[in-house]
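See below for the structure under consideration.
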Amino acid sequence: IRRMPRSEIRMRCPCRTLDGVPLELELLDLSERGCRARPIGFDLQFGQALRMFPEGSEGFTATVRRAEPDFVGIEFDRELPHPVFERMRLY
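Counting from 325, one number per residue, gives the positions in the sequence shown under my numbering.
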């Protein structure tokens with residue numbers, strides 16, 4: 325059950341695994357608690373932890389909660405501050 329509504333977006337987001345491997349995601353939708361994304365050129369696994377660095381915001385940690393062939397569901401470890409969410413949503 326989704327707790328917060330999602331906004332459709334299209335945004336590239338640089339990331340790193342917690343052991344420092346650089347990755348890139350295309351964010352497809354966004355809420356203050358998570359997002360759906362398409363990994364670009366790599367696979368992510370259920371339970372994998374990430375540090376995300378969207379343009380215009382400080383990095384934050386997140387965890388892959390769903391891993392499908394074409395997309396992943398990501399839960400942010402903390403709710404995004406509203407100004408960060410709005411900046412990303414309107415990107």
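Cβ atoms here follow ideal geometry from the backbone N, Cα and C, with glycine treated the same way.
| message | Less than 9 Å between the beta carbons of E379 and C339, yes or no? | response | Working through the sequence shown from its first residue, we reach residue 379 at position 55. Working through the sequence shown from its first residue, we reach residue 339 at position 15. Cβ atoms of E379 and C339: not closer than 9 Å.
| query | Looking only at C-alpha atoms, which of S381, M335, R402, E410 sits nearest to P363? | reply | Here residue 363 refers to the residue found at position 39 of the sequence shown. Distances from the CA of P363 to each of S381, M335, R402, E410 were compared; the closest alpha carbon is that of M335.
| task | Write down the C-beta distance between L303 and T385 rounded to the nearest angstrom, noting that I regard them as a contact closer than 8 Å. | result | For the chain, the structure presents residues 325 to 415; residue 303 sits outside this window and is missing.
| With distances taken between CB atoms, is the gap from L406 to E348 smaller than 9 Å? | The residue you call residue 406 lines up with position 82 of the sequence shown. The residue you call residue 348 lines up with position 24 of the sequence shown. The sequence shown places His at residue 406, not Leu. In this structure, the beta-carbon distance from H406 to E348 does not fall below 9 Å.
| field | Proximity of F366 and R389 at Cβ, strictly below 9 Å | value | To locate residue 366, count along the sequence shown from 1; it is residue 42. To locate residue 389, count along the sequence shown from 1; it is residue 65. Their beta carbons are not under 9 Å apart, which means F366 does not touch R389 by this criterion.
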